[in-house]
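Take the sequence shown: its position 117, counting from 1, is numbered 116 in numbering that gives the first Met the number 0, and each next residue is one higher.
The C-beta atom is built at its ideal place from N, Cα and C for all residues, glycine as well.
To start, the structure under review is shown below, and the notes come after it.
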Amino acid sequence: MMEEFDIEFVKLKNGIHQFEYQLNKSFFDFFKNQEVNNAIISVKAVLNKFDNLLQVDIEGTGNIEMTCDRCLSDVSYPVENHFKSIYHLNSIEEKIDEAQEVNLDVYYLSGSQFKINISESIYQSFITEIPMVKRCDDIDGKECNPDMLDKIDSLEETNSDKNEIDPRWEELKKLLNNKEK
Ligand SMILES: [Zn+2]
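Right, dumping it as structure tokens:
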């Protein structure tokens with residue numbers, strides 16, 4: 000867990016508290032994410048503390064840079080999200096176990112816990128925004144780099160040329176031809 004995302008709620012008075020964070024590549028590196036080449040994201044967390052409950056509203060906006068699956072150029076994706084987490088304080092053990100499986104955004108903390116860490120939920124919120132297939136043309140007005148596409152095409156052609164003269168293929172062809180005779 001990244002320490003700068005710790006919130007020691009026991010030290011906070013009831014009411015509203017604000018926290019701000021800037022995320023960059025190192026944030027995604029921490030979670031061993033290899034898809035994100037670069038990131039500039041501002042995150043604002045508004046925590047409302049009650050006697051037995053913490054309500055955390057998190058908003059993030061910015062850009063994530065990734066590699067295009069087709070032409071290997073950098074693609075910058077705008078990201079924007081907003082989510083809420085609820086932390087029930089002083090919960091009893093049984094409730095903690097059953098509840099955490101049902102809903103990931105609701106947490107039950109025991110009386111001995113004095114802080115929460117919001118880095119994992121922030122990370123998850125952005126990861127779900129990353130598309131499975133990343134392409135330049137997902138972004139308005141951007142197209143794949145034509146020079147790179149040509150290079151990739153010619154590489155693929157050389158690879159298929161190689162297959163044709165692969166000696167194993169030649170052997171196989173001979174065998175097939177012999178059978179036909
Ligand atoms: Zn591309």
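Please list, in chain order, all residues of the same chain as residue i whose beta carbon is under 6 Å from its beta carbon, the five residues on each side excluded.
i       : result
Ser-75  : Asn-62 and Glu-64
Asp-50  : none
Glu-58  : Lys-43 and His-81
Leu-154 : none
Who are residue i's beta bridge partners in DSSP?
i       : result
Lys-200 : What the structure shows of the chain is the stretch from 0 to 180, and residue 200 is not part of that stretch, so it cannot be assessed.
Pro-77  : Asn-62
Leu-46  : His-16 and Val-55
Lys-83  : Asp-56
Asn-37  : Glu-64
Asp-152 : Paired residues: none, contrary to the question.
Asp-5   : Asn-116
In terms of residue numbering, what span does the alpha helix (DSSP H) encompassing residue i cover?
i       : result
Ser-120 : 118-126
Phe-29  : 24-29
Sorted by chain position, which residues of the same chain lie with C-beta nearer than 8 Å to residue i's C-beta, five sequence neighbours on each side aside?
i       : result
Asn-102 : Low local confidence applies: a pLDDT of 46 at Asn-102 is under 50, so the model's placement there is unreliable, and no value is given.
Glu-7   : Phe-113 and Lys-114
Pop quiz: residue i and residue j are said to be a contact at Cβ under 8 Å. What is the actual Cβ separation, rounded to whole angstroms?
i       : j       : result
Ser-72  : Asn-144 : 5 Å
Cys-135 : Glu-142 : 6 Å
Lys-133 : Cys-70  : Wrong, their Cβ atoms sit about 11 Å apart, outside the cutoff.
Considering just the uninterrupted stretch of the beta strand (DSSP E) at residue i, what are its terminal residues?
i       : result
Val-105 : 105-107
Report all residues from its chain with a CB closer than 7 Å to the CB of residue i; omit the five preceding and five following residues, and keep chain order.
i       : result
Phe-30  : Tyr-122
Ser-111 : none
Asn-23  : Ala-38 and Ile-39
Please tell me whether, using a cut-off of 8 Å, the distance from the CB of residue i to the nearest non-hydrogen atom of ligand 3 is below it.
i     : result
Met-0 : No copy of ligand 3 occurs in the structure displayed; its ligands are ligand 1 alone.
* To do: Check whether the segment 3-21 touches the segment 105-124, counting contact only when three or more Cβ pairs, one atom from each stretch, lie closer than 8 Å.
  => yes
* If you pair each beta-carbon of the segment 38-48 with each one of the segment 11-25, do three or more pairs fall below 8 Å? -> yes
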